[in-house]
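Heads up, the sequence shown is in the numbering used here, so the first residue is 2 and it goes up one at a time. All C-beta atoms in this analysis are idealised placements derived from N, C-alpha and C, irrespective of residue type, glycine included. This report concerns only the one structure given below.
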Amino acid sequence: MWDLKKLNFEWDVAANLRVTQLNELDELWYHAYTSCCSYKEKMKYLHDKYIRNKYFKEGDLVLLFNSRLWMFLGKLKSKWSGPFEVVGVTRFGELDLKNKNDEVFRVNGHQQWCDLVVEVILPKGGVNPPEAEAGATSHSQSKE
């Protein structure tokens, strides 16, 4: 306060100026926030339109990708294991897979950072649209 008296400023004028500057700063922050949100929505739309839905049915042969091996150098094919046969499909994207020893295990396909990503390598009976299949279930792979 003694600075204001020394510089010959009026207290009310300085306080109003400061409040005005804070309000302008809040408006600028809100504008930046809304433009950031709109940019994020646009980028999500552009990214998501290239994500393919994967349709699995019983009898498909699939490979599993182990993302826990990301820190080990080497060929990409060393991170894939399989082939596994799809034994069952739930409506929420979970797959029951059978290995060569006839052991059945379940893979959850809806985790964003899942440990195992499923890739179809050889569909049984060719590629058919999912609408024509009675028990087909979709599984989308997310890359965020």
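Rounded C-alpha distance that separates residue i from residue j
{"i": "Trp81", "j": "Tyr40", "result": "35 Å"}
{"i": "Tyr34", "j": "Ala16", "result": "27 Å"}
{"i": "His48", "j": "Thr21", "result": "40 Å"}
{"i": "Leu64", "j": "Lys43", "result": "33 Å"}
{"i": "Phe106", "j": "Leu96", "result": "8 Å"}
{"i": "Cys37", "j": "Asn24", "result": "20 Å"}
{"i": "Val88", "j": "Lys101", "result": "12 Å"}
{"i": "Gly94", "j": "Val108", "result": "9 Å"}
{"i": "Asn67", "j": "Tyr51", "result": "23 Å"}
Residue environment, residue i, which counts as buried when at least 16 other CB atoms sit within 10 Å
{"i": "Leu26", "result": "exposed"}
{"i": "Asp103", "result": "exposed"}
{"i": "Tyr56", "result": "buried"}
{"i": "Asp116", "result": "Here Asp116 scores only 37 on pLDDT, less than 50, and its place in the model is too uncertain to base an answer on."}
{"i": "Phe85", "result": "buried"}
{"i": "Leu98", "result": "buried"}
Residue i, DSSP secondary structure in three states
{"i": "Glu28", "result": "helix"}
{"i": "Glu42", "result": "helix"}
{"i": "Asp13", "result": "helix"}
{"i": "Asp49", "result": "helix"}
Beta-bridge pairing of residue i - partner residues as DSSP gives them
{"i": "Gly89", "result": "Asp97"}
{"i": "Val108", "result": "Leu96"}
{"i": "Val20", "result": "None, per the DSSP bridge assignment."}
{"i": "Trp81", "result": "Phe66"}
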